[in-house]
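Below is one structure; the comments refer to it alone.
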Amino acid sequence: MTITFARLKKSAVAIAVAATAVTGMTAVPAHADTAGSIVAAVQSQINHGPGSGYSNGAGQTSSANLQPWCADFAGWAWAQGGGVQHLGDLTDGAASFYDYGVRYGTLSSTPHPGDAVVYDYNPDRDWASHVAIVTAVGNGTMTVTGGNEGHSRYPNGIVQQESTPNYSVGSAPWGQRISGYISPVTTGSGGGTAPAVPAKAIRGDKGTVLGTDGTSMTFTRSAADGHLQLTYLPSGGKWATADLTNTAGTPVSAGGPPAAFVQQNGTLGAVTANAANGHLQLTYRSAGGTWATTDLTGYVGTPATDGTYSVITGSDGTLAIYSRNYADGHLQLTYLPTSGAWATTDLTAYAGTPATADKAPAAFALQNGTIGAITTDSSNGHLRLTYRAPSGTWATTDMTGYVGTPATDGAVSAFTGSDGTLAIYSRNSADSHLQLTYIANNSGTWTTTDLTTSVGTPVSAGSSPALFQQADGTLGIVTANAANGHLQMTYRPSSGAWSTIDLTGYAGTPATDGANLSAAFNPDGTLVLYSRNYADGHLQLTYHPTNGAWATTDLTGFVGTPAE
Numbered sequence: 020m021t022i023t024f025a026r027l028k029k030s031a032v033a034i035a036v037a038a039t040a041v042t043g044m045t046a047v048p049a050h051a052d053t054a055g056s057i058v059a060a061v062q063s064q065i066n067h068g069p070g071s072g073y074s075n076g077a078g079q080t081s082s083a084n085l086q087p088w089c090a091d092f093a094g095w096a097w098a099q100g101g102g103v104q105h106l107g108d109l110t111d112g113a114a115s116f117y118d119y120g121v122r123y124g125t126l127s128s129t130p131h132p133g134d135a136v137v138y139d140y141n142p143d144r145d146w147a148s149h150v151a152i153v154t155a156v157g158n159g160t161m162t163v164t165g166g167n168e169g170h171s172r173y174p175n176g177i178v179q180q181e182s183t184p185n186y187s188v189g190s191a192p193w194g195q196r197i198s199g200y201i202s203p204v205t206t207g208s209g210g211g212t213a214p215a216v217p218a219k220a221i222r223g224d225k226g227t228v229l230g231t232d233g234t235s236m237t238f239t240r241s242a243a244d245g246h247l248q249l250t251y252l253p254s255g256g257k258w259a260t261a262d263l264t265n266t267a268g269t270p271v272s273a274g275g276p277p278a279a280f281v282q283q284n285g286t287l288g289a290v291t292a293n294a295a296n297g298h299l300q301l302t303y304r305s306a307g308g309t310w311a312t313t314d315l316t317g318y319v320g321t322p323a324t325d326g327t328y329s330v331i332t333g334s335d336g337t338l339a340i341y342s343r344n345y346a347d348g349h350l351q352l353t354y355l356p357t358s359g360a361w362a363t364t365d366l367t368a369y370a371g372t373p374a375t376a377d378k379a380p381a382a383f384a385l386q387n388g389t390i391g392a393i394t395t396d397s398s399n400g401h402l403r404l405t406y407r408a409p410s411g412t413w414a415t416t417d418m419t420g421y422v423g424t425p426a427t428d429g430a431v432s433a434f435t436g437s438d439g440t441l442a443i444y445s446r447n448s449a450d451s452h453l454q455l456t457y458i459a460n461n462s463g464t465w466t467t468t469d470l471t472t473s474v475g476t477p478v479s480a481g482s483s484p485a486l487f488q489q490a491d492g493t494l495g496i497v498t499a500n501a502a503n504g505h506l507q508m509t510y511r512p513s514s515g516a517w518s519t520i521d522l523t524g525y526a527g528t529p530a531t532d533g534a535n536l537s538a539a540f541n542p543d544g545t546l547v548l549y550s551r552n553y554a555d556g557h558l559q560l561t562y563h564p565t566n567g568a569w570a571t572t573d574l575t576g577f578v579g580t581p582a583e
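Count along the sequence shown from 1, then add 19; that gives the number in this note's numbering.
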């Protein structure tokens with residue numbers, strides 16, 4: 020599964036993928052001598068091609084290998100600066116520069132000479148389309164120089180320089196949206212301590228997102244009246260809650276929890292199912308706009324659903340919603356391309372996906388453009404992978420038959436790691452063990468392992484696991500202990516072994532029934548986990564600041580969020 024990166028200048032670039040806001044963050048610019056050396060180095064390479072062999076010699080591949088090489092060129096440029104720290108954190112992926120900025124506190128909305136500028140960053144997949152180097156800022160204009168940029172006479176790209184007066188974060192001067200500026204950490208610059216808490220949560224059928232303005236949002240359904248409820252924490256503000264059924268007119272919903280989404284252009288919202296007729300409903304708010312709602316069954320023709328759905332934004336910006344047809348259990352895809360109209364397709368009829376069990380599909384999108392969903396065969400509980408490779412056709416595979424994954428009860432989650440690994444977490448229908456099925460990046464070999472047996476994760480209950488990944492590569496899985504309802508976190512550092520911890524015992528989180536678990540991150544890097552209190556249905560927040568201890572808060576009591 021090779022990660023691909025677009026070139027900066029091209030005729031059509033897909034926008035509207037998820038991104039994290041960086042406005043207001045403070046960066047530490049590189050020392051003047053370092054910045055000057057970086058700028059001089061990149062300007063000396065203008066019109067050179069990949070055969071020059073760019074890389075920083077640490078975590079990057081030489082550009083002479085002819086893979087997409089914009090990140091290799093930017094890493095090489097920083098290495099020419101002298102005294103730049105943590106070059107080993109940079110990889111062949113443009114997103115590694117954004118992660119560097121998050122990790123070392125140098126991500127900013129203000130460009131400086133020598134900074135890396137990242138385009139189209141997508142936190143869901145830790146992907147970005149391009150990275151270049153800022154070479155000048157002044158008189159209302161920014162100049163950048165980047166490698167692997169398109170040219171009619173050079174199919175493998177060259178080093179090019181261009182200037183623009185439009186360089187605020189969120190603008191797209193060359194068709195790709197600026198996500199942020201990252202200064203290199205230099206000796207004595209004051210940067211350089213990597214936080215232990217990540218900046219990436221995996222959603223799918225989960226109800227929590229981080230808006231492009233830094234607002235942390237979680238969508239729930241009121242147990243009393245079925246209203247769609249939004250509970251949110253603005254960046255630098257105070258917790259609040261709003262009834263979107265009253266505000267936007269979202270119909271009373273039923274079935275699974277709301278599935279949240281966010282796009283790079285700032286549009287965000289949630290998918291629900293109308294309790295009266297099963298229609299798929301989209302409630303959304305564009306950047307700077309007001310809340311609105313649309314009946315996708317009436318508008319697009321999506322079949323009525325029983326409330327099992329999952330939503331994801333693809334690497335090309337397409338918003339994809341996978342749902343289960345209430346009448347026949349067919350897997351249905353409803354999607355909105357970045358430049359086009361809504362459409363819907365029956366993947367059971369088109370690809371042969373068996374009728375699915377009554378649990379939400381787990382959507383995924385790989386960096387190479389492969390998309391799909393994980394489902395459970397309603398006839399035998401087999402784990403099913405339905406997918407479409409870039410420029411390919413839809414296909415489906417029985418993972419139980421092919422890999423040996425135990426039959427599941429339908430509680431599944433999927434995750435694409437920053438290294439390209441596709442990981443599927445499922446619950447064994449026979450013993451409720453947590454099962455991991457995965458294919459490592461470019462390995463070509465699927466593997467499956469029982470995490471309850473190998474790690475000690477308790478038998479789980481409730482909905483699918485909530486997943487997250489730390490900036491340092493640590494992966495976390497949140498479940499509910501079936502024996503006592505304790506909130507459980509199973510995790511693995513990027514270069515360590517799996518471990519598990521009882522957060523109810525450790526942090527005091529009330530017992531949960533496992534319904535509506537989700538994970539997210541606040542703009543300051545705080546890891547936040549949402550769960551439902553089994554005793555009273557209250558929305559519970561369990562969180563870990565970047566420099567602090569675990570704590571827990573009843574948001575129903577604190578903010579007024581209705582019981583779920």
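Glycine included, each C-beta is placed from N, C-alpha and C at the ideal position.
Being a predicted model, the structure only gives us computed values, none of them experimental.
- In this structure, residue 443 sits away from residue 382, with a CB-CB distance that is not shorter than 9 Å.
- In summary, residue 225 is buried, with 16 or more beta-carbon neighbours lying within 10 Å of its beta-carbon over all protein chains present.
- Under DSSP, residue 181 shares a beta bridge with 163.
- With a cut-off of 8 Å on Cβ pairs, the segment 481-498 is in contact with the segment 534-548, counting three or more such pairs.
- Between the alpha carbons of residue 431 and residue 394 lies a gap of roughly 7 Å.
- Distance from the CA of residue 379 to the CA of residue 327, rounded to the nearest whole angstrom, comes to 4 Å.
- Beta-bridge partners of residue 480 (DSSP): 499.
- The beta carbon of residue 438 sits closer than 6 Å to the beta carbons of 460 from its chain, once the five residues preceding and following it are set aside; these are given in chain order.
- Residue pairing by DSSP places residue 562 opposite 547, 570 in a beta bridge.
- Given a length threshold of 3 residues, each whole run of the beta strand (DSSP E) inside the segment 74-140 is given here in chain order: 135-138.
- Judged by DSSP secondary structure, residue 432 falls within the beta strand (DSSP E) whose first and last residues are 427-435.
- When the Cα atoms are used, residue 188 and residue 391 turn out to be separated by approximately 31 Å.
- For the segment 236-299, the continuous alpha helix (DSSP H) assignments of 4+ residues that do not extend past its boundaries occur at 263-267, in sequence order.
- Closest option to residue 96, judged by alpha-carbon separation, among 76, 405, 519: 76.
- The beta-carbon distance between residue 291 and residue 305, rounded to whole angstroms, is 18 Å. This is too long to meet the 8 Å contact definition.
- For residue 526, the uninterrupted alpha helix (DSSP H) segment begins and ends at 522-526.
- One alpha carbon belongs to residue 132, the other to residue 308, and they sit about 35 Å apart.
- Beta-bridge annotation (DSSP): residue 537 is paired with 549.
- At the C-beta level, residue 199 and residue 115 stay beyond 9 Å of one another.
- Residue 365 carries a strand assignment under DSSP once its states are collapsed to helix, strand and coil.
- Taking a C-beta distance under 9 Å as the contact criterion, residue 293 and residue 322 do not qualify as a contact pair.
- Nearest C-alpha to residue 504 among 492, 522, 518, 135: 522.
- Under DSSP, residue 351 forms a beta bridge with 342, 365.
- Minimum Cα-Cα distance from residue 288 among the listed residues 274, 255, 239, 467 corresponds to 239.
- Residue range 227-229 is occupied by the beta strand (DSSP E) that includes residue 228.
- At the C-beta level, residue 177 and residue 159 stay beyond 9 Å of one another.
- The shortest CA-to-CA distance from residue 113 to any of 98, 147, 126 is the one to 147.
- Leaving aside the five residues that flank residue 88 on each side, the residues in its chain whose CB is nearer than 6 Å to its CB run, in chain order, 69, 82, 166, 167.
- Comparing alpha-carbon positions, the option among 319, 501, 173 lying closest to residue 453 turns out to be 501.
- Contact between residue 153 and residue 163 holds, with the beta-carbon distance rounding to 6 Å and staying under 8 Å.
- Counting along the chain, the unbroken beta strand (DSSP E) around residue 406 starts and ends at 402-407.
- Residue 108 is classed as buried because its beta carbon has at least 16 other beta carbons within 10 Å across all chains shown.
- Relative to residue 67, the option among 92, 249, 534, 58 whose CA is nearest is 92.
- Within the same chain, Cβ atoms closer than 8 Å to the Cβ of residue 532 are found at 480, 481, 499, 504, 551, 553, the five residues on either side in sequence being excluded.
- By the Cβ-count criterion, residue 303 is buried, with 16 or more other Cβ atoms from all chains shown falling within 10 Å of its own Cβ.
- Relative to the Cα of residue 568, the nearest Cα in the group 179, 580, 525 belongs to 525.
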